[in-house]
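Residues 1 to 242 (UniProt numbering) make up the sequence shown, in order. Note that CB positions come from ideal geometry on N, CA and C, so glycine has one too. Only a predicted model underlies this, so the values are computations on that prediction, with no experimental measurement involved.
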Amino acid sequence: GTGGSAASSGYCSQEDSDSEPELFYTARTSLGRRPGGDIGDRGALPWVPHSPPLRLPPRQNKDGSFTGFIKVQLKLARPVSVPAAKRGPGGRPGQRGPGVKRRTSFYLPRGTVKHLHVLSHTRASEVISALLRKFTVVDDPRKFALFERSEKDDQVFLRKLSDEEQPLRLRLLAGPSEKALSFVLKENDSGEVNWDAFTLPELHNFLRILQREEDEQVRRVRHRYARCRREMQDALAMRAPR
C-alpha cells in the first residue's frame, strides 16, 4: 500500500504478477515543470491513470511529493553473491560460529523485472540498495548502476543515472511510454575499478589471478624470444663458412 511505512523508508516491495497490468492514461496539459526538472504544483502530473490498475497509480503526498511504482529490468552479466545456507555440525542446518560469514554465487535470470514502490525524492542509489535487498544480494551496491533506457528512431539509448537522481520523478516527467523511458540495472562498468567495494577475500583472489596471468605472460614472452634466438642461431650456422 501507500501507507506511512512506504513513505518513511522510501520504498517497499510488491510481488510481481506474470503479466503486466494494462494502464490507461489521460493526457493533462497543466504540467508545471520547475527549474531542475522538478514536478510542478499539486495535481499537475504529466499523465494520470483514469482506470484503476492492479498497481496503484502515482499518489501525491501532503508535502507535494509523489508516491508510485517504478519498474526495473535486471540485465546482469556476472553472478551475484547471497548468504550461504547455514549448516551446523554434521551438515545439519544450524548456527555457525560468531564472525563466520559464508557466501554463494549465482546468476540472476537475465531480463528479470521487479517493481518498487518509491517516493519522488527516492534516489537512484536507494533504488539499487532496495533491489539488492529484495534478492538478498550481499554485494556492495557500488558494484551496480541504474540506467535510463529510451528508444527513438529504432535506436536504443542508455544513460547512467547519478546516485542523486530520482527515478520516479524522471518516470513521471517522461510520461507513460516505456519507449520514452524505462530503467535497467547493470554492472557499474565505469572503466575505473572501485577496489574499496570488494571484500578482502575477493581482493586476495584477484591478486592470485593477476599473478597467474603475469606468470603466463612472462612464460609466453620467454618462449617467443627463445624461439627467435634459435631461429637466428640456425640461420647463422647455415651461413657460416665450411
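In the DSSP assignment, Phe206 falls within the unbroken alpha helix (DSSP H) covering 200 to 239. Residue nearest to Leu181 within the set Phe147, Leu116, Thr104 is Phe147 (criterion: CA-CA distance). Under DSSP, Phe66 shares a beta bridge with Gln60. Annotated as distal: Leu119 and Ser162, with beta-carbon spacing of 7 Å or more. Pro141 sits in a helix when the DSSP states are folded into three classes. The beta carbons of Glu165 and Ala124 sit about 5 Å from each other, so the pair counts as a contact at 8 Å. In this structure, the beta-carbon distance from Gly68 to Leu185 does not fall below 7 Å. A residue is called buried when at least 16 other Cβ atoms come within 10 angstroms of its Cβ; Ala237 does not meet this threshold and is exposed.
Within the same chain, Trp195 come within 8 Å of Leu203 by CB-CB distance, once the 5 residues on both sides are set aside. Per the C-alpha coordinates, the member of Pro201, Ala174, Pro79 positioned closest to Lys143 is Pro79. Lys134 places its beta carbon 7 Å or farther from that of Ala145. In this structure, Asp140 lies near Ala197, with their beta-carbon atoms less than 7 Å apart. For Arg159, no alpha helix (DSSP H) encloses it; the enclosing beta strand (DSSP E) starts and ends at 155 to 160. Note on geometry: alpha-carbon atoms of Ala77 and Tyr107 lie some 8 Å from one another. Counting along the chain, no beta strand (DSSP E) covers Arg169; the unbroken alpha helix (DSSP H) around it starts and ends at 167 to 174. A direct Cα-to-Cα measurement between Arg222 and Arg230 gives close to 12 Å.
With fewer than 16 other beta carbons inside 10 angstroms of its own, Glu216 counts as exposed. Close CB contacts of Lys75 within its chain, under the 8 Å cut and outside five residues either way in sequence, are with Arg110, Gly111, Val184, Leu185, Lys186 (chain order). Restricting attention to Asp63, Ala84, His121, the CA atom closest to the CA of Leu172 is found in His121.
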